[in-house]
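Q: What follows is a structure written as structure tokens; I'll ask about it next.
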Amino acid sequence: MARTHLGRLMRQLGVDTYPAAHAWSVGNPAAFWKLTAEELGIRFAQPFERVLDLSHGPERPRWFVGGKLNIAESCLSGPANDAAIITRRSDGRTEAVSVGELASLSRRAAAGFAAAGIRQGEGVAIVTMMSVEAVAAYLGVLLLGGYVVSVPETLPADEIRTRLRIGHARLVVTQDVLVRGGKTYPLYDRVKAAGAPRAVVFTAAARSKIPLEIGDVTWSEFLPVEGQFDPAVCDPDTCINVLFSSGTTGDPKAIPWEHVTPIKAAGDGHWHHDLRPGDVLCWPTSLGWMMGSWLVFAGLLNRATIALYEGGPVEPGFCEFVRDAQVTVLGVVPSIVRGWRRAGCAEGVDWSAIRLFSSSGEASDPDDYTYLMRLGGPEGESRPVIEYCGGSELAGGYVASTLLAPNCPSVFNAKMMGTDFVVLGPGGHPCRPGEVGEVFLIPPAIGMTTRLLNQDNEEVYYAGCPERNGVRLRRHGDLMLVLGDDRYRSLGRADDTMNLGGIKTSSAEIEQAVARAPGVVEAAAVGVPPPKGGPDRLVLFVVAPGQAPGDLAVALQRAIRDRVNPLFHLHDIVAVDALPRTESNKVLRRELRKRYQEEEPAEPPAN
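Count along the sequence shown from 1, add 10, and you get the number used in my numbering.
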């Protein structure tokens, strides 16, 4: 513990408890974030005049005022011969890419985007699996001074279309097919069916011969031979990435990340995951999701090596790659752990190089995580799991664990450095141990959005929120059980969004999809955690008179797969005569969720 970054900081501060270090970080935000930027080696092309400007209030802070930078330059400034990425390709080849090689490829990508007519301040969508080329394209857009529109590669065409429209993408980077478990699934065709603009296309399958539309080019055709490119010099609040977060109605929220936002993501990796040179960081994700961007910044800015596997995480090949790459920090979502436990594919594989796991995306199951802590390590030993909870709109977490306190499965043991929050009960009082309440954040912190591209940031996060010590609180929407001594347990979402397999979605998105199924009059979708805790399960309450349960289940699962996300699994269907509603005709989903939890069968429903 003494050798951790946090242990070193505590010695510098002259404090002997983590709560004291955390109190310093939130009580002195300018000093803390300046220190974090220095620890990460953030390069400024023009020095900043002050770290923090609160003249517009803590809800609208300005960071590193007067400075100029390009965050991609800092990502690529490590020792040129150090390993930046180790990857296992879909054909089984393992490759190592140095920092110098990644920098060269990223500069070539930037030059390619410029030659294609993309200018500073314009958007390029990335719709791919995670790969060396995807990371280089991402950093190339940033070097150019543009921004990436993050689109998950598993989405149906209509959802891709929505994100391309909101993000004003002028070009899209994608790949021919997705490769999972030795099988290929079309991606380029789906992206073009979404009305995508010009495309740059990676080849994921060695024998793929998919014809491209006129104007589209392969990655090799797109890249110039030479990679000389001077990075754009940008203001700290210049947009680098547009990510999306589902709301309860309508289009997903478009969340802009800025050139200083990665200081939050990488800072979380530094202080709470103790990332350092020599680490090998693996986290199954893609650049369509917040954790894909997080992985790039947390890995490269902490001078760790990023481990990328071209395939699915719940298969023997991934588990063997973790062993062969000597991964030291392995990130998961609970559904992956559940998959490993069911399949047994990680058992008997030597994961002794792993020093810690981390988990994000959804509430975890204590039994699964007791299993995880002992997986692949020396007999009788366990490794800690850093529980990590936050969101795209925070660029990281607000609650996590530290290596300075005992780790208990599925329990957070610390507030995040630099970020503060309170848990309030129904009457607005701070929750005591044993009580459940809603999380409200206390601004400011780097990473917290100050704007949204298609909604009012003030209305979404601050309207109607109480104040604490003269500072208006920020709505976050998570439910937490307070355990005392800065320990918490996640109970999911307080609103009508849910996390399914680590992917945030809304009740409205699912309900709109299943409403078209034959015989369905109306439906309500709720996320219900298991009785012992764990990831949300999708339950549909359906008004569908005369429909056979088996046929209905098949039709609803097909609708969800085709119109929302093929990764979403329907856990149960409950037939009802009518949906409960308020006087203003809003469906009472919380009542349905509560009813299901009270009446849930002892045995899981057959699927």
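Glycine included, each C-beta is placed from N, C-alpha and C at the ideal position.
So is N91 buried or exposed if we call it buried at 16+ other beta carbons inside 10 Å?
A: N91 should be labelled exposed.
Q: Assuming V449 contacts D506 (C-beta within less than 8 Å), just tell me the rounded distance between them.
A: Contact flag wrong, Cβ pair sits at about 16 Å.
Q: Name the DSSP bridge partner or partners of A535?
A: A535 is bridged to L550.
Q: Leaving out five residues on either side along the sequence, give the residues of the same chain with a beta carbon under 8 Å from the beta carbon of E610.
A: Excluding positions up to five away in sequence, the list reads V538, P541.
Q: Answer yes if the region 261–277 comes into contact with the region 305–325, meaning at least three C-beta pairs across the two stretches below 8 Å, and no otherwise.
A: Yes, the region 305–325 is in contact with the region 261–277.
Q: Using only alpha-carbon positions, find the residue among E268, L318, G77 that is nearest to E105.
A: For the residues E268, L318, G77, the minimum Cα distance to E105 belongs to L318.
Q: Could you tell me whether the region 127–145 touches the region 282–289, using the rule of 3 or more Cβ pairs below 8 Å?
A: No: fewer than three Cβ pairs fall under 8 Å.
Q: Measuring straight from C-alpha to C-alpha, what distance separates V342 and P294?
A: Answer to the nearest angstrom: the Cα atoms are 7 Å apart.
Q: Can R72 and D247 be called in contact, C-beta distance under 8 Å?
A: Yes.
Q: Find out if the Cβ-Cβ distance for the pair G76, E59 is shorter than 8 Å.
A: Contact: yes.
Q: For Y398, I'd like the list of residues in its chain whose CB is within less than 6 Å of its CB, leaving aside the five on either flank, ordered along the chain.
A: Excluding residues within five positions, the ones whose Cβ falls inside 6 Å are S368, S370, G407, A410.
Q: Taking N38 as part of the alpha helix (DSSP H), name the residues at either end of that continuous run.
A: Neither: N38 is in no alpha helix (DSSP H) and is coded neither H nor E.
Q: Using the Cα positions of A30 and F42, report the straight-line distance between them to the nearest angstrom.
A: In a straight line, the C-alpha of A30 is about 13 Å away from that of F42.
Q: Assess contact between the region 108–122 and the region 228–238, defined as three or more Cβ pairs (one per stretch) separated by less than 8 Å. Is contact present?
A: Result yes; three or more Cβ-Cβ pairs closer than 8 Å.
Q: Check this for me: beta carbons of F74 and E143, under 8 Å apart or not?
A: No.
Q: Can you give me the start and stop residues for the beta strand (DSSP E) that F212 sits inside?
A: Per DSSP, F212 belongs to the beta strand (DSSP E) from 209–212.
Q: Put V342 into one of helix, strand or coil per three-state DSSP.
A: Correct three-state label for V342: strand.
Q: Under 8 Å, do A356 and G386 count as touching if we go by C-beta distance?
A: Contact flag set, yes.
Q: Helix, strand or coil: how does DSSP classify I128 here?
A: I128: coil per DSSP, three-state reduction.
Q: Let me check understanding here. Comparing Cα to Cα, which of M458, V159, T46 lies closest to S303?
A: For S303, the nearest C-alpha among the options comes from V159.
Q: Which one of Q465, R484, D466, G480 has the shortest CA to CA distance from G474?
A: Residue R484 is the option with its Cα nearest to G474.
Q: Looking at T380: is its Cβ nearer than 8 Å to the Cβ of P323?
A: In this structure, P323 does not lie closer than 8 Å to T380 by Cβ.
Q: Tell me the DSSP secondary structure of E223 in three-state form.
A: Looking at E223 - three-state DSSP - the assignment turns out to be coil, as it is neither helix nor strand.
Q: Straight-line CA distance for Y28 to M20?
A: Answer to the nearest angstrom: the Cα atoms are 8 Å apart.
Q: Identify the residues that DSSP records as bridge partners of S160: which are they?
A: I136.
Q: For the 8 Å Cβ check, are there 3 or more pairs between the region 515–523 and the region 345–353?
A: No, because fewer than three Cβ pairs between the region 515–523 and the region 345–353 fall closer than 8 Å, the two stretches do not touch.
Q: Per DSSP, what kind of secondary structure is N467 in: helix, strand or coil?
A: Here N467 sits in helix by DSSP.
Q: With a CB to CB cut of under 7 Å and the five nearest residues on each side skipped, what residues in its chain are close to I128?
A: Contacts found: V134, L154, G156, R180, L181.
Q: What's the gap between the Cα of E372 and the Cα of P344?
A: Spanning the two alpha carbons is a distance of roughly 7 Å.
Q: Taking just the CA atoms, how far does T14 sit from T515?
A: Using only the alpha carbons, I get a separation of about 36 Å.
Q: Give the secondary structure of P287 by DSSP, where H, G and I count as helix, E and B as strand, and everything else as coil.
A: In the structure shown, P287 sits in coil (DSSP, three-state: anything other than H, G, I, E or B).
Q: Could you check which residue in P454, L463, G237 has the C-alpha nearest to that of V61?
A: Comparing Cα-Cα distances from V61 to each of P454, L463, G237, the minimum goes to P454.
Q: Mapping DSSP to helix, strand and coil, what is S420?
A: S420 falls in the coil class under three-state DSSP.
Q: When burial is assigned at 16 or more other CB atoms within 10 Å of the CB, is K604 buried or exposed?
A: That one is exposed.
Q: Output yes if chain B places a C-beta closer than 8 Å to the C-beta of Q130; else output no.
A: Of the protein chains in the structure, only one exists, and it is not chain B.
Q: Please state if the CB of E163 and the CB of L188 are separated by a distance shorter than 8 Å.
A: Yes.
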